[in-house]
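In full-length UniProt numbering, the protein residues as written are 1 to 327.
Quick reminder that beta carbons are idealized off the backbone N, C-alpha and C, glycines included.
Remarks on the structure that follows.
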DNA sequence: CTGCCGCA
DNA sequence: TGCGGCAGG
C-alpha cells in the first residue's frame, strides 16, 4: 500500500556528493522542513505543531543546520513552497478543500484499519500544515541568506518536478517517491542524511518496466498513492503486469472488476498538476550573514549556541566555493 | 525506515 | 506475489 511499493519499481543508484557539485536542486520545502521538524520537535497528540516555547522556531535551527550540506558540496538549493490560498479562484479553493478532505478521510481510514505507522505518518505529513509561523520564519531566514525560493501554485513537489522537467533545475530533492509519478527526471533522496544520496531515474524506470509515463502512473494508482488506498492484493508486480496487459488503468480495472473513485482526477494530479512556468529564481547566492544571525538569535530569540556552528559552516562553505570559481 | 522471513 | 510481523540500524 505504502509508497515503498513505488520504491521497488524505481531505478535507483547511489551518487556521491562530488557528482552533484555545481548542480541546482529544487527542494520540496514542506517535505524538507517536515523531516527536520519531526526529528527535532514532536507533534502534539491532536496533530498540531506546538507553538509554545522555543519549539515554534525549531525550523530556524533546522534550516541553519541543513543548508551547509548543500553549500559545502557546491549545490544550489531552490526551496519550493506549497502555494497558499491567497490568489486562488473560488473553484480552486473548493477543489483544494475537497482534496484536503480526501486526505483526512484517508488518514482516518488508515488509523482505524490499524495501518502501519509509516503510512499513517506519510498521510499525516499531507494533512499536516506547517504553521504560519514556520512558513513565515523559514522564508524570512532564507531571504536573508539569499537562498532562492519559489512559490508553487499548489503542491511544492509537483512544481519542483515540473521545473526539473523544464530543465530549470537539475534535480528534485525529496524523500517522496511520488516525484517519479510526477515525471521528475532525477530525484535525489537522503540529501540530509549522513551517507551518499540516492538517485532515482525516471526514464530508466520507464525503460526498465517498458511503460509509458501514463502507464507508470496507472500502476501507481492500482498499488495505491497518497490520494487513494489502492486495490487489495495488487503490489508492484501485479500492477505493472495488469497495466501492460490491458494498456491502461481502465482496462486493468475492468479486467479485475474493480473501481477506483475519482481515478481520473487522481491520475491528473500526477500527469497534469497545477504548476507554473513562470517560477523564476536567481541561483547566485549572496547571503547577508549579519542579518541572518540577527533574525534568528535576536528577532526570534534562538539560543546562539544552537545555530552558531551552522552559520560558521555556511560562511566557510561560501568562501570555499567562491575560491573554487577562481581555480 | 528498510530488509528479511514465513505464511496465505 | 502480497503482506504482516519482526529485527536491526
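Taking just the CA atoms, how far does residue j sit from residue i?
| i | j | result |
| --- | --- | --- |
| residue 67 | residue 161 | 21 Å |
| residue 60 | residue 292 | 10 Å |
| residue 244 | residue 211 | 7 Å |
| residue 410 | residue 4 | Residue numbering for the chain in the displayed model covers 1 to 327; residue 410 lies beyond these limits and cannot be assessed. |
| residue 34 | residue 27 | 12 Å |
| residue 238 | residue 272 | 25 Å |
| residue 303 | residue 71 | 23 Å |
| residue 169 | residue 24 | 5 Å |
| residue 202 | residue 298 | 44 Å |
| residue 241 | residue 207 | 14 Å |
| residue 217 | residue 228 | 12 Å |
| residue 219 | residue 174 | 21 Å |
| residue 73 | residue 319 | 12 Å |
| residue 311 | residue 178 | 33 Å |
| residue 194 | residue 257 | 46 Å |
| residue 262 | residue 254 | 15 Å |
| residue 288 | residue 309 | 16 Å |
Which of the three DSSP states, helix, strand or coil, is assigned to residue i?
| i | result |
| --- | --- |
| residue 131 | coil |
| residue 36 | helix |
| residue 192 | coil |
| residue 21 | coil |
| residue 295 | helix |
| residue 225 | strand |
| residue 263 | helix |
| residue 92 | With a pLDDT of 45 at residue 92, under the threshold of 50, the modelled position of this residue cannot be trusted; read the value that follows with caution. Helix, per DSSP. |
| residue 301 | coil |
| residue 272 | coil |
| residue 211 | coil |
| residue 142 | helix |
| residue 220 | helix |
| residue 48 | A caution first: residue 48 carries a pLDDT of 40, below 50, which makes its placement in the model unreliable, though a value can still be read off. If DSSP states are grouped into helix, strand and coil, residue 48 belongs with coil. |
| residue 310 | helix |
| residue 31 | helix |
Go to residue i, then tell me how far its alpha helix (DSSP H) extends in each direction, as first and last residue.
| i | result |
| --- | --- |
| residue 77 | First-last for residue 77: 76 to 81, but that is the beta strand (DSSP E), not the alpha helix (DSSP H). |
| residue 243 | 236 to 246 |
| residue 251 | 249 to 256 |
| residue 59 | 58 to 71 |
| residue 159 | 156 to 165 |
| residue 179 | 178 to 181 |
Terminal residues of the continuous beta strand (DSSP E) containing residue i?
| i | result |
| --- | --- |
| residue 151 | 149 to 151 |
Which residues does DSSP list as the beta-bridge partners of residue i?
| i | result |
| --- | --- |
| residue 200 | 12, 187 |
| residue 172 | 26, 187 |
Can you name, in chain order, every residue of its own chain whose Cβ lies under 8 Å from the Cβ of residue i, other than the five neighbours on each side?
| i | result |
| --- | --- |
| residue 82 | 29, 30, 152, 154, 155, 156 |
Spatial neighbours of residue i within its chain, please: C-beta separation below 6 Å, excluding the five flanking residues on both sides.
| i | result |
| --- | --- |
| residue 158 | 182, 273, 275 |
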